[in-house]
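Take a look at the structure set out below.
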Amino acid sequence: GDSVTQMEGPVTLSEEAFLTINCTYTATGYPSLFWYVQYPGEGLQLLLKATKADDKGSNKGFEATYRKETTSFHLEKGSVQVSDSAVYFCASKAAGNKLTFGGGTRVLVKP
Amino acid sequence: GAGVSQSPSNKVTEKGKDVELRCDPISGHTALYWYRQRLGQGLEFLIYFQGNSAPDKSGLPSDRFSAERTGESVSTLTIQRTQQEDSAVYLCASSSRTANNQPQHFGDGTRLSIL
Chain A
553 GDSVTQMEGP
563 VTLSEEAFLT
573 INCTYTATGY
583 PSLFWYVQYP
593 GEGLQLLLKA
603 TKADDKGSNK
613 GFEATYRKET
623 TSFHLEKGSV
633 QVSDSAVYFC
643 ASKAAGNKLT
653 FGGGTRVLVK
663 P
Chain B
24 GAGVSQSPSN
34 KVTEKGKDVE
44 LRCDPISGHT
54 ALYWYRQRLG
64 QGLEFLIYFQ
74 GNSAPDKSGL
84 PSDRFSAERT
94 GESVSTLTIQ
104 RTQQEDSAVY
114 LCASSSRTAN
124 NQPQHFGDGT
134 RLSIL
């Protein structure tokens, strides 16, 4: 079945550091790929998405590129802020209707 | 409302009791999903509704779990004879279509604690 694997956290960074969260997927067909974010005390929010190979999703300074050859969708941000502290979830949506989520990566940015 | 609304936000109940969780999707969204998020884990798919089609129940963990939806409106998730392993945050999401590229919009969830 479909699956999503992302790096385990927590990831602790200093402000203005570079952030990468690795995500790889297995799926039948050609899935759409998503990153969701869950800030402390808040619900799950869509951060960005990419629907086909080589697409780049971007939002709030975050980027992720759909790499079909490596089945990856790594999330990056060049300079993190304290307000980026959250749990980040990678997800895929292929044939069928459900999202398949990774286990989540907690990111803590220290001032 | 503007977003997906879930109630109650928190529910504490004794083992063996039945619970009902409610989800009000974004107006006009035809697809509705239920997920479960256990502490420190990712989201597990439970059930999906699309219009008047038969729901996809493939993620329901046992026959104690059931869900209903009337048309394209409110959905209720019912857990009968609750067990401690049912403790989790139950999340509802809706989307405007079921195409792969349509994102799902999530509610804030119901945190269920079984004593």
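Read top to bottom, the protein sequences are chains A and B.
Residues in the first sequence are numbered consecutively from 553, following our numbering.
Residues in the second sequence are numbered consecutively from 24, following our numbering.
Note that the Cβ used here is the ideal one computed from N, Cα and C, for glycine as well.
{"query": "B/Ser50 - DSSP class collapsed to helix/strand/coil", "result": "coil"}
{"query": "Other residues of its chain near A/Ala602: CB distance less than 6 angstroms, five sequence neighbours each side excluded", "result": "Leu585, Gly609, Tyr618"}
{"query": "At least three beta-carbon pairs within less than 8 angstroms, the region 573 to 592 of chain A to the region 621 to 635 of chain A", "result": "yes"}
{"query": "Three-way DSSP call (helix, strand, coil) for B/Asp41 in this model", "result": "coil"}
{"query": "Contact check, B/Ile137 vs B/Lys38, beta carbons under 7 angstroms", "result": "yes"}
{"query": "From A/Gly595, A/Leu571, A/Thr557, residue whose alpha carbon lies closest to that of A/Val661", "result": "A/Leu571"}
{"query": "Cβ of B/Asp86 within 7 angstroms of any chain A Cβ", "result": "no"}
{"query": "Own chain partners of B/Asp131 with C-beta closer than 7 angstroms, once the 5 adjacent residues on each side are dropped", "result": "Gln29, Ser32"}
{"query": "Cβ pair B/Leu44, B/Leu100 closer than 7 angstroms", "result": "yes"}
{"query": "Cβ of B/Phe72 within 7 angstroms of any chain A Cβ", "result": "no"}
{"query": "Selection of the region 29 to 51 of chain B by Cβ proximity to chain A, strictly under 8 angstroms", "result": "none"}
{"query": "7 angstroms Cβ cutoff, B/Leu83 in contact with chain A", "result": "no"}
{"query": "Nearest-angstrom beta carbon gap, B/Leu135 and B/Ser110 [assumed within contact, 8 angstroms]", "result": "6 angstroms"}
{"query": "Test: B/Leu66 CB closer than 7 angstroms to a CB of chain A", "result": "yes"}
{"query": "Within-7 angstroms CB hit, A/Phe653 to chain B", "result": "yes"}
{"query": "CA-to-CA distance, A/Lys645 to B/Asn124, given in whole angstroms", "result": "8 angstroms"}
{"query": "Pairwise C-alpha distance: A/Ala638 and A/Arg658", "result": "6 angstroms"}
{"query": "Chain B contact for A/Lys595 (CB, 7 angstroms cutoff)", "result": "It should be pointed out that residue 595 of chain A corresponds to Gly in this sequence rather than to Lys. Judged by the 7 angstroms Cβ criterion, A/Gly595 is in contact with chain B."}
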